[in-house]
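Right, one structure below, let's go through it.
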Amino acid sequence: MKFRKFLKKFANSILGNQKRKQYINIRYKEMESNNSIDKDLFSHHFNNILRRFFSTTKRHGEIAIDVLNHVWKKEFPWIHPQFPLLPAVLEKISEKQIRTMIVAPLWPGQIKYANKVNKNLKYLLLGWSHEILKPGTSLLKKNLKLISGKIYCFLMDGRP
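Residue numbers for the sequence shown follow my numbering, so the first one is 1192 and each next one is one higher.
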């Protein structure tokens, strides 16, 4: 799926009308890529954006489960992991030297994480976490809250 079309689909799925227009129009040229986003990693059948997606559980139409053990090569995946998995995902990006789009918070308190994220010149502020993310059932059951702060979409490039 071409990048602009993908941005529209993503914006339609999570952002309100005002944020959607801002999201697509203001920063599109800054993040434009010649690659096509081909896989949605860390998704489920009810929230996947692309037809090809990986899930954490085997249910409906996913390619496979356990995405961290999957071989990532010659792909341009879309990654929106759960926050506790961010360090492992960033390590995998560096280790496999891949290029990807990742939705993640700017997390200045985590030095190793912040250094990897700060290497990326292309990013897009999506908004505050409480505005654009919905707490999952596991958070609600445990009476936990979403991480506070701003959520970004980063163009990560683990290639040397």
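Even for Gly, the Cβ is constructed at its ideal location relative to N, Cα and C.
Being a predicted model, the structure only gives us computed values, none of them experimental.
Could you please give the first and the last residue of the uninterrupted beta strand (DSSP E) stretch that includes Lys1183?
Past the edges of the chain, shown from 1192 to 1351, lies residue 1183, and the structure says nothing about it.
Classify Ala1279 as buried or exposed, calling it buried when 16 or more other Cβ atoms lie within 10 Å of its own Cβ.
exposed
Pro1278 lies in the alpha helix (DSSP H); which residues open and close that run?
1277-1287
May I ask you to report which of helix, strand or coil DSSP gives Leu1352?
Residue 1352 lies beyond the range of the chain shown here (1192 to 1351); nothing can be said about it.
Find out if the Cβ-Cβ distance for the pair Phe1274, Tyr1314 is shorter than 7 Å.
no
Excluding sequence positions up to five away, which residues of its chain have a Cβ less than 6 Å from the Cβ of Asp1348?
Arg1290
What residue from Leu1281, Lys1332, Lys1333, Ala1295 has the CA that sits closest to Lys1341's CA?
Ala1295
Where Leu1277 falls, given that 16 or more other Cβ within 10 Å makes a residue buried
buried
Would you kindly work out how many angstroms separate the C-alpha atoms of Glu1282 and Leu1297, rounded to a whole number?
16 Å
Take the Cβ of Asn1216 as the centre, count every other Cβ of all protein chains shown within 10 Å, and call the residue buried at 16 or more, exposed below.
Note on Asn1216: pLDDT 46, under 50, position unreliable in the model; the coordinate value appears next. Under this definition Asn1216 is an exposed residue.
Between the alpha carbons of Glu1322 and Ser1339, how many angstroms are there, rounded?
10 Å
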